[in-house]
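J.:
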Amino acid sequence: MDPAFLAVQALSGLSSASSLFITACGLTIVFGVTRIVNFAHGSLYMIGAYTAATLVPRLLELSFGPVTFWAGILASAIIVGLIGVIIEVLLLRRIYGAPELFQLLATFGVVLVVQDLVVQVFGPQDILGPRAPGLRAPVEILGRRFPSYELVLIAAGPIVLGLVWLLLRKTRFGVLVRAATQDRDMVASLGVNQALLFTGTLFLGAFLAGLGGALQIPRVSANTGMDLSIIAEAFVVTVVGGMGSVPGAFLAALVIGQLQAFGILIFPKSTLVVVFLLMAVVLAIRPYGFFGRAEIIGGTHAVGIASRRPLAGRSFILITLMAILAAFPLVADAYLLKVATEILIFALFAFSLQLLIGVGGIVSFGHAAFFGLGAYGAALAVKWYGVSMEAALPLGLALAALGAALVGAFVVRLSGIYLAMMTLAAAQILYAVAFQWVEVTGGDNGIVGVWPSPWASGPIPYYLLTAVLTVITVLLLKRIIDAPFGYSLRAARDSEARAEAIGLKIRQHRWFAFTIAGAAAGLAGGIYAFSRGSVDPSLLGISTSVDALTMLLLGGIQTVMGPLVGAAALHGLRDWIMPLTPLWRLLLGLSIIAMVLIFPRGLVGTVRDWWGART
Amino acid sequence: MATISTIRWLALGAALALGAPAAQAQQAPIKIGELNSYAQWAAFTVPYRNGWQMALDEINAKGGVLGRRIEIISRDDGATTGSATRVADELVSREGVSLLFGSFLSNVGVAMADYANQKKIVYIAAEPLTDAVTMAQGNRYTFRIRPNNFMQVGMLVDQAKASGAKRWAIVAPNYEYGQSAAAVFKRLIQERVPGAQIVAEQYPALGKIEAGATASAIEQAKPDGIFNVLFGPDLTQFVREGNTRGLFEGATVLSLLTGEPEWLLPLKDEVPEGWTVTGYPWDEIKDPKHKAFIDAYRAKYNDTPRLGSLLGYMVMTMIRDAIERAGSTETEAVIKALEDAKFDTVIGPVTMRGIDNQATMGAWVGKLVLKGAAGGMTDWAYKDGASFMPTEAEVKAVRKD
C-alpha cells in the first residue's frame, strides 16, 4: 500500500489518540483520587464542546486575532472545570463512601440531567464551531494534504501529558493527589484537607474533559450524542491503561487511535467493535490494565440481601399475589395490560440481576447483554429459521446462557471496578456486533415482524403467558438463592478469603451464578421481543443495563422482592411521566440521584426498616 | 376572604355552566397520532412540527373537518425501532387515535410500516426515504409522501451522465436509509452510465463517523465521482475534512438531501460549492401559492422554512383532504380515499399512486452555491416525482401484498 497514505492514516490516528487522551486523562485522575468512575465525564466533555462552539465565535468577532480562539478554548475548559466543582460539592462529596454501584448510578443520573439541560441551554441544533484562525489551510505530507489543525492536536496530547506530569511531580497539590491515589485514608489521617483536595481534583478532571471537548470544535459539530460516545471510549482508555495511571492512559490512547485509523481500512463496517475487543483482550490477559494495580479497598462493599426469618404466612401472600396477577385482565384494558406485561418482563430482568449483585456481589454493569442476546436469539430464530414463538423463546434463552457462560468465564477472574468495566465491555461488544453486522442482525434497522403465535397474540393471552413464565422463573431463582448454592455465593460476597478457606470454589460458583442470571435475563429478553414485535440494538445498550440497575436500586438491593417492586415503580412512573413532558430524562436523572442520596435502601428496604422500627 | 373565594367559585361554576352547552354542540375532536424524533433529529423535526402545527391551526380555524376539530397527539419516537412501535401502541390503544403519521429515520419507518400492517391502522410515513417502506416491506396501510430513494437517486444519476465521471465512490450511513440509497445508486449508475464502476465504499455508523479516516480512505481510491448519502453531524464533519484534504476538487459530487436548509445551514460558509444535490431552494421560489406559504411561515415563526416545514404542512393538509373525502376516520374508508387520490398542495398537484402508496411529490435538483454567509442552491429545477417512480412491474415484483 501507498506509504504516503499509510503515513496520513497514522497521523489521523495520532490526532484522535491525542484528543482521546486529554479527556481520558481527566477521568483517570479523578478515579485515582476519589475512586469514583465518573460517568458524567463524557457530559463534561460535551459541555466543553458546546460552550466553546458558542463562545469562541463571539470572541472571534471582537477581532483580536488568533489568540482569541485559544483564549476561548481555555475559557471554556475553565467553565467546565467550575461545573465539575459544582458536581463535586453537590453530589460526589456525599457518595465517596457508598458502594460502587451507587456511585456509577448517581453519575449516570448526572448524564441524564445534562442531556436535557444542554438542549435547553444551547438549543436542539448541532453547533459547528469556527476553524482555528491561521490553521485553515492543509499542509502537504508526502504529497498528500493533511489538516494542519490535526497536527496541533497531535502536539496537544504530549503537551498535556507533560503539564500533568509536572503538576503531579513538582507541586504540593500533585504530591497530595499521588498520595491519595496510593492510600486515601492515610492522607486523611495525616491531616490533609480532603474536601479541598477532592474539589481540586474534580476541577482538574473536569477542566481536562472540557479542554478535550473544546479542542474538538474545529473538527466536529457539538451534538447531543457526544457524551455517551466519548465516555465509552474514555472508559476503554482508562481501563486498558490501568485505572488511575496517567501514562497508562496515554499509551492506551495511542493504541486505540491507531487501531481505529487502520481498522477502518480492514473492517470498514466494524469500527465500533475493535475498541471494546481490545479492552476485553487486555483485561483477559492483564486484569488490571497496562499499569494498574490490584484494588486495595475495592472488592465488594457487602451490600446485598441479608438473612431474614421467613415471613409468617408467606405462602398465603404468594397465592394472593398470583390470584391478583391472574385476575388482572378482568379489570384492565388493553393498554394497561401491555404496561403490566412490560412490568413483569422488567421485573424478571431485574430479578436476574439481583442474583448477581445482591447475592453474589458481582456488580455487573452490562446485564443488558443477556437481555439483548435473548431478544436477538429469539428474533433471529424467527427470521432465519422461521420457527414459532414456542421454539424461539428457548433458543433465545439458550443463546443468552451460552453468552453468559462465555463472558462469565472471563468476568469471574476480576473484581471491583474492573469487573464492572469488563461486563460493560462485553455488553458494548455485543451492541457493536448487533449494530454493525448488518447482514445478520439488520444493524440499526433491527429485526421486525417478531410477533407471537396466534394463540398467544392479543393482550390478554400474552399477558398471561408472561405472568406464568415470570412467576415460575422468579420462584426458581428464589429457590436457588435459598439453596446452599445461594449461601455459598453470599459467603464469597461477604468474605472471599474465608469462603475460600472453607473450601468453596468461588470462581466456579460465581460462574454458575453468572450463567443462570444470564439465562433468566435472556428469557425476559425473548418475551420482550415478542411483546414489541421487533428488536433493535438499543436493547443491548448502556441505558438498558442502567434501567435494570435503577429498578434494583429503587426497589431495594437488600431484599428479595426489591427488584420486582422497583420494576413496577420505575416502569409505571416512566409510562405516566413520559407522555407529559419532554424533559423526562431530567426527571429520571434527578430521581436516580435523589434515590442514591436519600433512599439508599430502596422502597422495600425503607418500608421494612420502618416496619421493623415500629414493632 | 371567604366571600371572595366563594364569588370566584360561583363565577367559575357559572362559566362552566354557560360553556358546557357550547362544548356539547361541538362533536369530539378527531384524534390523530403523530410521532417523530424531536429530541435526536431536532434540525429536521422541529421545523416539521411547526409546519403541521401551522396547517392544523388553519384547518381548525376554518372549523376542522367533517364538522369536527382535529386534535394531534404528538410524541417523541425515541429514534429507535422498538421505541417507536411502543409509542405508536400507546397512541393507538390508550389515546385511541384514528391514524398515525410521522417518523424520521428509515429503519424506524420500516418498523412502523410493519406495525401498521400488524395492527391494521393507517400510517403515513412523512419522511423515511428507504424504498422498503413502499416496496419490499410495503403494505396497504402504509403511505409515503416524499420521493423515495429510487426517485431521488434517479434524478441525481440523470445529472451524472453529463459529467463523464466513471470511477465512483460511495459514502453512506450504515443503516436502512444509507444502505438503500447506496444499493439504488449502484444499480442505476451501472444501468444508465455505461462503463461506470464503483471504486470505493465507506459506510460509517450513523452519527459516529471518523471523518478524517473516511475522507482519506476515499481519496486513496482516486474516484472522479463521489456519491454522498451522509446528513446531519456526519455530513458537517465529512465536508470539513474533505474540503481541507481537497477530496472534492475535480470530482463530480452527487449528494442526497444536502440542498435542504436543515443540513445546509450548519455548514455555514464551508458549503462545498458545485455539488449536485436534491434540496429545497425556498429563497428562489416564485410560484405564488408556494410563495404565500413561505411568507406565512416566516411571519408566524420568525424563521426561514426548512424542507421539513413544507413537508409537515403538506402532510397535514393531505390528511385533512383524505378524511373529508372518506367521510369518516374509519381505516378502510381512509385507505380508499388515499389510494390514487389527487391532492392540490402548495407545491402543485400530487397524486398518491395506489399500487405502491407512494406520492408523486418531487424534489428540487440543483447545484450548491455560497450565498453570503450560508449555502443555497442555484441552477435548480423542480423534478416532478411521477416521471421517476419505479415502474408498476418493478413494484409488483417486490411487494408481497
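Chains as they are written, first to last, in the working numbering: chain D, 1 to 615; chain Y, 1001 to 1401.
Glycine included, every Cβ here is placed at the ideal spot set by N, Cα and C.
1. From which residue to which residue does the alpha helix (DSSP H) around residue 354 (chain D) run?
2. Taking 8 Å as the threshold (C-beta atoms), are residue 267 (chain D) and residue 432 (chain D) in contact?
3. If you scan the stretch 1132–1170 of chain Y from start to end, which runs of the beta strand (DSSP E) of 3 or more residues do you find wholly inside it?
4. Quick one: residues in its chain with C-beta nearer than 8 Å to the C-beta of residue 511 (chain D), no 5 flanking neighbours on either side, listed in chain order?
5. Does the Cβ-Cβ distance between residue 323 (chain D) and residue 463 (chain D) come in under 8 Å?
6. Around the Cβ of residue 428 (chain D), are there at least 16 other Cβ atoms within 10 angstroms (buried) or fewer (exposed)?
7. So which residues of chain D does residue 1085 (chain Y) contact, with C-beta pairs closer than 7 Å?
8. Going straight from the alpha carbon of residue 456 (chain D) to that of residue 1288 (chain Y), what length do you get?
9. Quick one: give me the first and last residue of the beta strand (DSSP E) that residue 1377 (chain Y) is part of.
10. For a contact meaning CB atoms closer than 7 Å, what does residue 1094 (chain Y) contact in chain D?
11. Output the boundary residues of the beta strand (DSSP E) element that contains residue 140 (chain D).
12. Less than 8 Å between C-beta atoms, sequence neighbours within five positions excluded: which residues of the same chain meet that for residue 290 (chain D)?
13. Going by C-alpha to C-alpha distance, which of Y:1140, Y:1250, Y:1141, Y:1092 sits closest to residue 1168 (chain Y)?
14. Looking only at its own chain, which residues have a Cβ that is under 8 Å from the Cβ of residue 330 (chain D), when we skip the five neighbours before and after it?
15. Taking the alpha carbon of residue 213 (chain D) as the point to measure from, which residue in D:590, D:238, D:46, D:219 has its own alpha carbon closest?
16. Which same chain residues end up closer than 7 Å to residue 1309 (chain Y) when comparing Cβ atoms and leaving out the 5 residues on each side of it in sequence?
17. Listed in chain order, which residues of the stretch 210–222 of chain D have Cβ atoms closer than 7 Å to some Cβ of chain Y?
18. Tell me, which residues are paired with residue 146 (chain D) by DSSP?
19. So which residues on chain D does residue 1224 (chain Y) lean against when the C-beta distance must stay under 9 Å?
20. Three or more C-beta pairs under 8 Å: does that hold for the stretch 1097–1111 of chain Y against the stretch 1074–1081 of chain Y?
21. So which residues of chain D does residue 1174 (chain Y) contact, with C-beta pairs closer than 8 Å?
22. Quick test of the definition: if touching needs 3 or more C-beta pairs under 8 Å, does the stretch 466–475 of chain D touch the stretch 343–356 of chain D?
23. Check whether the stretch 111–124 of chain D and the stretch 578–588 of chain D touch, using three or more Cβ-Cβ pairs below 8 Å as the test.
24. Assuming residue 1307 (chain Y) and residue 1233 (chain Y) are in contact, meaning their beta carbons sit under 8 Å apart, how far apart are those beta carbons, in whole angstroms?
25. Assign residue 1272 (chain Y) to one of two classes, buried (16 or more other C-beta atoms within 10 Å of its C-beta) or exposed (fewer than that).
26. With 8 Å set as the bound, which would you pick, yes or no: does the beta-carbon of residue 1123 (chain Y) sit closer than that to a beta-carbon of chain D?
27. Using CA atoms only, rank isn't needed, just tell me which of Y:1142, Y:1090, Y:1277 is closest to residue 1377 (chain Y).
28. Between residue 1317 (chain Y) and the rest of its own chain, which residues show a CB-CB distance below 6 Å, the 5 nearest in sequence each way excluded?
29. What is the DSSP secondary structure of residue 551 (chain D), counted as helix, strand or coil?
30. So, does the stretch 1132–1140 of chain Y touch the stretch 550–558 of chain D, judging by three or more C-beta pairs under 8 Å?
31. Would you mind listing the alpha helix (DSSP H) stretches within the stretch 1241–1283 of chain Y that are 4+ residues and don't spill past its ends, in chain order?
32. Please tell me whether residue 1024 (chain Y) has its Cβ less than 8 Å away from any Cβ of chain D.
33. Where residue 524 (chain D) and residue 473 (chain D) are concerned, what is the direct C-alpha to C-alpha distance, given to the nearest angstrom?
34. List the DSSP bridge partners of residue 1068 (chain Y).
35. I need the boundaries of the alpha helix (DSSP H) containing residue 228 (chain D), first residue and last residue.
36. Determine whether the Cβ of residue 1107 (chain Y) lies closer than 8 Å to any Cβ atom of chain D.
T.: This is what the structure holds:
1. In this chain, the alpha helix (DSSP H) harbouring residue 354 (chain D) covers 334–354.
2. No, these two residues do not count as a Cβ contact at 8 Å.
3. Residue ranges of uninterrupted beta strand (DSSP E) with 3 or more members, entirely inside the stretch 1132–1170 of chain Y and ordered along the chain, are 1142–1144.
4. If we look at residue 511 (chain D) and ignore the five residues flanking it on each side, its Cβ neighbours are 405, 408, 409, 412.
5. Against a cut-off of 8 Å, the Cβ pair of residue 463 (chain D) and residue 323 (chain D) comes out as no contact.
6. Counting Cβ neighbours within 10 Å, residue 428 (chain D) comes out buried, since at least 16 surround it.
7. For residue 1085 (chain Y), the chain D residues whose Cβ falls inside 7 Å of its Cβ are 532, 533, 534, in order along the chain.
8. Approximately 56 Å, taken between the alpha carbons.
9. DSSP places residue 1377 (chain Y) in the uninterrupted beta strand (DSSP E) bounded by 1374–1383.
10. Simply 335.
11. Per DSSP, residue 140 (chain D) is one residue of the beta strand (DSSP E) stretching across 138–141.
12. Cβ neighbours of residue 290 (chain D) beyond the five flanking positions: 240, 241, 242, 245, 248, 251, 252, 282.
13. The shortest CA-to-CA distance from residue 1168 (chain Y) to any of Y:1140, Y:1250, Y:1141, Y:1092 is the one to Y:1250.
14. Leaving aside the five residues that flank residue 330 (chain D) on each side, none in its chain has a CB nearer than 8 Å to its CB.
15. Nearest neighbour of residue 213 (chain D) by Cα position, chosen from D:590, D:238, D:46, D:219, turns out to be D:46.
16. Closer than 7 Å at the Cβ level, and outside the excluded window around residue 1309 (chain Y), lie 1047, 1048, 1050, 1051, 1297.
17. Flagged, chain order: 219, 220, 221.
18. Residue pairing of residue 146 (chain D) in beta bridges, as defined by DSSP: D:139.
19. What residue 1224 (chain Y) touches in chain D: nothing, since even the nearest Cβ is about 18 Å away.
20. At 8 Å Cβ cutoff, the stretches touch.
21. Annotation: Cβ neighbours of residue 1174 (chain Y) in chain D (cutoff 8 Å, chain order): 269, 436, 438, 443, 444.
22. Segments in contact, yes.
23. As far as the Cβ criterion goes, the stretch 111–124 of chain D touches the stretch 578–588 of chain D, which means the pair count is three or higher.
24. Not really, about 18 Å apart at Cβ, beyond 8 Å.
25. Residue 1272 (chain Y) comes out buried.
26. No, residue 1123 (chain Y) does not count as interfacial toward chain D.
27. Among Y:1142, Y:1090, Y:1277, the Cα nearest to that of residue 1377 (chain Y) belongs to Y:1277.
28. Here the set comprises 1055.
29. Helix, per DSSP.
30. Output reads no: the stretch 550–558 of chain D does not touch the stretch 1132–1140 of chain Y.
31. Scanning the stretch 1241–1283 of chain Y for uninterrupted alpha helix (DSSP H) segments of 4 residues or longer gives 1261–1264, listed from N- to C-terminal end.
32. Low per-residue confidence applies at residue 1024 (chain Y): pLDDT is 43, beneath 50, and the placement is therefore not dependable, though the value from the model is reported in the following sentence. Look at residue 1024 (chain Y): its C-beta is not under 8 Å from any C-beta on chain D.
33. Just so you know, the alpha carbons of residue 524 (chain D) and residue 473 (chain D) end up roughly 10 Å apart.
34. The partner list for residue 1068 (chain Y) (beta bridge, DSSP) reads Y:1065.
35. Here the alpha helix (DSSP H) through residue 228 (chain D) covers 226–241.
36. Closer than 8 Å to some Cβ of chain D, the Cβ of residue 1107 (chain Y) qualifies, so yes.
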